[in-house]
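**Q** Shown below is the structure under consideration.
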Amino acid sequence: MHKGIERLKKVRSYLINLTEGLSADQLNEIPAGFNNNILWNFGHLIATLQNINYVKSGNAITIEEKYMIAYKPGTKPDQFVDETEIARMKSIMISSVNQFEQDYSKGIFSSYTSWATRSGVEVRDIEDAIHYSFHHDGIHLGYIMALKHLV
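Okay, structure coming up:
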């Protein structure tokens, strides 16, 4: 098992556990000073894993396109997310990493289009992408923790 993928699973499980017990209203709330909410961060993590690993390697995404559109960088929440969709998003948070692990084991990420992060770090291949995915999830863990204290 790839250690970076295992770390992604642990962070995502932690995020889900961290938000257990919060109501749909709390998960949808956008506190003053923020432009998104906890659920937007969940959706953003779902979409970003796909973009960084699948799209950049020329592979088809494994989630519904609606997540890619609604949660890409620069977007913000535009509607209330109900309990059914919340449960679905939490499930996809884990299942998408499990699928990624399976696809990684199959070797489907052999080609990769290099790109630079906003901080100037070059992501050259799938190994860099895995490490950046973990880093990115960690950044949003911080946002989610801050949001949780305000809702």
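Convert by adding 2 to the 1-based position in the sequence shown; the result is the number in our numbering. We put the CB at the ideal spot given by N, CA and C, even for glycine.
State the beta-bridge partners of Ala-118 as determined by DSSP.
**A** Against the sequence shown, residue 118 aligns to sequence position 116. Answer is Glu-124, bridged to Ala-118.
**Q** Starting from Gln-104, trace the alpha helix (DSSP H) both ways and give me its first and last residue.
**A** Here residue 104 corresponds to residue number 102 of the sequence shown, with the count starting at 1. First-last of the alpha helix (DSSP H) with Gln-104: 85-108.
**Q** Do Tyr-134 and Thr-115 come within 8 Å of each other at the CB atom, strictly closer than that value?
**A** By 1-based counting over the sequence shown, the position of residue 115 is 113. By 1-based counting over the sequence shown, the position of residue 134 is 132. No; because the gap between Cβ atoms is not below 8 Å, this pair is not in contact.
**Q** CB Thr-50 to CB His-138, shorter than 8 Å?
**A** Here residue 50 is taken as the residue at index 48 of the sequence shown, counted from 1. Here residue 138 is taken as the residue at index 136 of the sequence shown, counted from 1. Yes, Cβ-Cβ distance for Thr-50 and His-138 is below 8 Å.
**Q** Just to confirm before moving on: does the CB-CB distance between Leu-41 and Leu-29 stay below 8 Å?
**A** Walking along the sequence shown from the start, residue 41 turns up at place 39. Walking along the sequence shown from the start, residue 29 turns up at place 27. Yes, they are a contact pair.
**Q** Less than 8 Å between the CB atoms is what I'm expecting for Asn-53 and Phe-111, so what's the real figure, rounded?
**A** Looking up residue 53 in the sequence shown gives position 51. Looking up residue 111 in the sequence shown gives position 109. Not a contact, Cβ separation roughly 13 Å.
**Q** Fully enclosed by the region 5-60, which beta strand (DSSP E) runs are 3 residues long or longer?
**A** For the region 5-60, not a single whole beta strand (DSSP E) run of length 3 or above is found.
**Q** Can the beta-carbon of Tyr-106 be found less than 8 Å from the beta-carbon of His-4?
**A** Taking the first residue of the sequence shown as 1, we reach residue 106 at position 104. Taking the first residue of the sequence shown as 1, we reach residue 4 at position 2. Cβ atoms of Tyr-106 and His-4: closer than 8 Å.
**Q** Closest by CA to Gly-124, which one among Lys-58, Lys-12 and His-151?
**A** Residue mapping note: residue 124 aligns to position 122 of the sequence shown, counting from 1. In the sequence as presented, Gly is not what sits at residue 124; that position holds Glu. Ranking the options by Cα distance to Glu-124, first place goes to Lys-58.
**Q** Return the Cβ separation of Ile-146 and Leu-10 in integer angstroms, given the expectation that the two are a contact with Cβ distance under 8 Å.
**A** By one-based count along the sequence shown, residue 146 stands at place 144. By one-based count along the sequence shown, residue 10 stands at place 8. Actually they do not touch by this definition, with Cβ atoms about 15 Å apart.
**Q** Looking at the secondary structure, which residues open and close the alpha helix (DSSP H) in which Glu-67 lies?
**A** Taking the sequence shown and counting its residues from 1, the one referred to as residue 67 is at position 65. Counting along the chain, the alpha helix (DSSP H) containing Glu-67 begins and ends at 67-72.
**Q** Verify the contact flag: Leu-24, CB atom, against every heavy atom of the ligand ADP, threshold strictly below 7 Å.
**A** The model on display carries no ligand, and the ligand ADP is accordingly not part of it.
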